Amino acid sequence: MGFWAQLTCNFVGFGYPCIASFAAVQARDPEAHTQWLMYWIVLSVLMVFEMFGLEALMSWLPFYYEAKIMLIIWLSTFRGGEVLYTKLFAPYLIRWERDIDERIGEVQVHGAKYVRRASSNSLKYVRSKSMEVIERVQ
Numbered sequence: 013m014g015f016w017a018q019l020t021c022n023f024v025g026f027g028y029p030c031i032a033s034f035a036a037v038q039a040r041d042p043e044a045h046t047q048w049l050m051y052w053i054v055l056s057v058l059m060v061f062e063m064f065g066l067e068a069l070m071s072w073l074p075f076y077y078e079a080k081i082m083l084i085i086w087l088s089t090f091r092g093g094e095v096l097y098t099k100l101f102a103p104y105l106i107r108w109e110r111d112i113d114e115r116i117g118e119v120q121v122h123g124a125k126y127v128r129r130a131s132s133n134s135l136k137y138v139r140s141k142s143m144e145v146i147e148r149v150q
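For the sequence shown, our numbering begins at 13 and goes up steadily by one.
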């Protein structure tokens, strides 16, 4: 059941909301924009928790994926994302916004340094291997 359950969760969690988000953008409806932004924030936070082990701990429970699908349907179809965002996530995010922004800034700085260093090392490697190939050909 694992593969098909995950596939279904992803289809329900991303397919319909993606189409509905597109429709909201095309309609230029600010209320719909807000609703879907709240949904995507809530879904993203839940996915981060899953990524850090929640799914591994919970997936062995009977009806885990069925409950997850029902939660995703509630979040997207019955404006549950708006409820969770307003009642649970927004107060926390507002309280910790400055710290979160600072950490994101730090990650961006360190990430940029890492990418520059990795790019430079990759370029040096490609140059050296290219020179080896050229020397062998001559």
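Yeah, the Cβ is synthetic: ideal placement off N, Cα and C, and Gly gets one too.
Because the structure is a prediction, the values reported are computed rather than measured.
Just curious, the alpha helix (DSSP H) that V24 is in, first and last residue?
For V24, no alpha helix (DSSP H) encloses it, and the DSSP letter there is neither H nor E.
Can at least three beta-carbon pairs, one atom from the stretch 50-67 and one from the stretch 87-102, be found at a separation below 8 Å?
The answer is yes - the stretch 87-102 touches the stretch 50-67, with three or more Cβ pairs under 8 Å.
Within the continuous alpha helix (DSSP H) that includes D111, where are the two ends?
Counting along the chain, the unbroken alpha helix (DSSP H) around D111 starts and ends at A102 to V149.
Are three or more beta carbon pairs between the stretch 63-81 and the stretch 16-30 nearer than 8 Å?
Flag = yes, the stretch 63-81 and the stretch 16-30 touch.
Unbroken alpha helix (DSSP H) run spanning T46, endpoints:
Under the DSSP assignment, T46 falls in the alpha helix (DSSP H) whose first and last residues are P42 to F61.
F26: which of I81, L66, L73 and A39 sits nearest, CA to CA?
Measuring from the Cα of F26, the nearest candidate turns out to be I81.
Need the endpoints of the alpha helix (DSSP H) that W86 sits in, please.
Unbroken alpha helix (DSSP H) run through W86: Y76 to T89.
Under the three-state reduction of DSSP, which class applies to G73: helix, strand or coil?
Correcting the residue type first, residue 73 is Leu in the shown sequence and not Gly. Secondary structure at L73: coil, using DSSP grouped into helix, strand and coil.
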